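Undergrad: Residue numbers (our numbering), protein chains in the order written: chain A, 1044 to 1156; chain B, 194 to 308. Positions of the beta carbon are idealized from the N, C-alpha and C atoms, including for glycine. Please read these numbers as outputs of a predicted model, since none were measured by experiment. Below you will find the structure I want to go over with you.
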């Protein structure tokens, strides 16, 4: 059974810091991995999606990496801003013929001005 | 496109009442997903449809929950009778299988409170 874990559960950093959020999964047989952002009281916004054959994806100040063999993904946020404060969730998809995503519990990030 | 649309955004009801949540997926998307989010259990997939057909309902907690997708542009999640432990945020998401990444796009959610 696939389990997804995110560490730390919460993180508080001063503005301008570079930071790394971690996601680990128990079954390396995944189709892709997706990082989401969730603001309080809101839905999920997709940030980055990495296919199983890819090593990383970049969007602006965000960079997500994937190491399937070790069951790990990281989300790197450069030059953090107060507007980055939110909960970040990672989710893995097991196979191409299923849409089912397994989510981690999320990391709640606070960036202090 | 307006994105995934859910209604109502908030629902407060009393135990034993029937609750119906509604979702309109993004036009052209062929997958639709219903999730539930609670503090204790996080985000859980309840059921998903492909081309209006239920594919996996193993996440539906019990017979009080049912979901339908009568056409490509509308789905409902019904709870009858509702119980206080059903209080949660319910999300609907949709995706397009033939796209390069098959990303799931989420609606704003329905916050359900059962008293």
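What is the DSSP secondary structure of residue 202/B, counted as helix, strand or coil?
TA: Here residue 202/B refers to the residue found at position 9 when the second chain is read from its first residue. Coil at residue 202/B, not helix or strand.
Undergrad: Quick test of your reading: residue 1078/A and residue 1062/A, contact by CB under 8 Å. State the CB separation rounded to the nearest angstrom.
TA: Within the first chain, numbered from 1, the residue matching residue 1078/A stands at position 35. Within the first chain, numbered from 1, the residue matching residue 1062/A stands at position 19. At roughly 14 Å, the Cβ-Cβ gap does not stay under 8 Å, so residue 1078/A and residue 1062/A are not in contact.
Undergrad: So for residue 278/B, helix, strand or coil by DSSP?
TA: Here the question's residue 278/B lines up with position 85 in the second chain. Three-state result, residue 278/B: helix.
Undergrad: What number of angstroms, rounded off, separates the C-alpha of residue 263/B from the C-alpha of residue 255/B?
TA: Looking up residue 263/B in the second chain gives position 70. Looking up residue 255/B in the second chain gives position 62. Each residue's alpha carbon lies about 21 Å from the other.
Undergrad: Return the residue from the list 244/B, 212/B, 208/B, 241/B that minimises the CA-CA distance to residue 303/B.
TA: As a working mapping, residue 303/B is identified with position 110 in the second chain. The option with the nearest alpha carbon to residue 303/B is 212/B.
Undergrad: Residue 1060/A lies in the beta strand (DSSP E); which residues open and close that run?
TA: Mapped onto the first chain, residue 1060/A falls at position 17. Run containing residue 1060/A: none; DSSP gives neither H nor E here.
Undergrad: Note down, in chain order, every chain B residue with its Cβ under 8 Å from the Cβ of residue 1085/A.
TA: Taking the first residue of the first chain as 1, we reach residue 1085/A at position 42. Here the neighbours are 301, 302.
Undergrad: Measuring CA to CA, which of 243/B, 195/B, 210/B, 282/B is closest to residue 177/B?
TA: Because chain B is modelled from 194 through 308, residue 177/B falls outside the range shown and cannot be assessed.
Undergrad: Should the region 1086 to 1102 of chain A be called in touch with the region 1045 to 1059 of chain A, which here means at least 3 C-beta pairs below 8 Å?
TA: The answer is no - the region 1045 to 1059 of chain A does not touch the region 1086 to 1102 of chain A, with fewer than three Cβ pairs under 8 Å.
Undergrad: Quick one: Cα of residue 1123/A to Cα of residue 1059/A, how far?
TA: One-based indexing of the first chain puts residue 1123/A at position 80. One-based indexing of the first chain puts residue 1059/A at position 16. Using only the alpha carbons, I get a separation of about 5 Å.
Undergrad: Counting only Cβ pairs nearer than 7 Å, list the residues of chain B close to residue 1146/A.
TA: Locating residue 1146/A in the first chain gives position 103, counting from the first residue. Those are 235, 236, listed as they occur along chain B.
Undergrad: Quick one: is residue 1091/A near chain B, going by C-beta distance under 7 Å?
TA: As a position in the first chain, residue 1091/A is number 48, starting the count at 1. Not closer than 7 Å to any Cβ of chain B, the Cβ of residue 1091/A fails to qualify, so no.
Undergrad: Check whether the Cβ atoms of residue 1093/A and residue 1107/A lie closer than 7 Å to each other.
TA: Residue mapping note: residue 1093/A aligns to position 50 of the first chain, counting from 1. Residue mapping note: residue 1107/A aligns to position 64 of the first chain, counting from 1. For residue 1093/A and residue 1107/A, yes; Cβs fall inside 7 Å.
Undergrad: Could you give the residue range of the beta strand (DSSP E) that holds residue 243/B?
TA: Residue numbering aside, residue 243/B sits at position 50 when the second chain is read from its first letter. Taken as a continuous stretch (DSSP letters only), the beta strand (DSSP E) holding residue 243/B covers 235 to 243.
Undergrad: CB residue 1154/A to CB residue 1047/A, shorter than 7 Å?
TA: Here residue 1154/A refers to the residue found at position 111 when the first chain is read from its first residue. Here residue 1047/A refers to the residue found at position 4 when the first chain is read from its first residue. It is not a contact, given that the beta carbons lie outside the stated cut-off.
Undergrad: Go through its chain and collect everything with a Cβ distance to residue 998/A's Cβ below 6 Å, but skip five positions before and after it.
TA: Only positions 1044 to 1156 of chain A appear in this structure, which leaves residue 998/A out of reach.
Undergrad: Report the rounded CA-to-CA distance for residue 232/B versus residue 278/B, giving the unit in angstroms.
TA: In the second chain, counting from the first residue as 1, residue 232/B sits at position 39. In the second chain, counting from the first residue as 1, residue 278/B sits at position 85. Whole-angstrom Cα-Cα distance: 12 Å.
Undergrad: Hey, residue 238/B and residue 1143/A: beta-carbon distance below 7 Å or not?
TA: Within the second chain, the letter at position 45 stands for residue 238/B. Within the first chain, the letter at position 100 stands for residue 1143/A. A contact, by the Cβ cut-off of 7 Å.
Undergrad: Name the chain A residues whose beta carbon is nearer than 8 Å to that of residue 259/B?
TA: For the purposes of this step, residue 259/B is identified with residue 66 of the second chain, where counting begins at 1. Those do not exist, as residue 259/B stays about 19 Å from chain A at its closest Cβ, beyond 8 Å.
Undergrad: Run through DSSP, which three-state label would residue 1110/A get?
TA: The residue labelled residue 1110/A in the question sits at position 67 within the first chain. Three-state DSSP puts residue 1110/A in a strand.
Undergrad: With 7 Å as the threshold, decide whether the Cβ of residue 224/B is near any Cβ in chain A.
TA: By one-based count along the second chain, residue 224/B stands at place 31. Yes, because at least one Cβ of chain A sits closer than 7 Å to the Cβ of residue 224/B.
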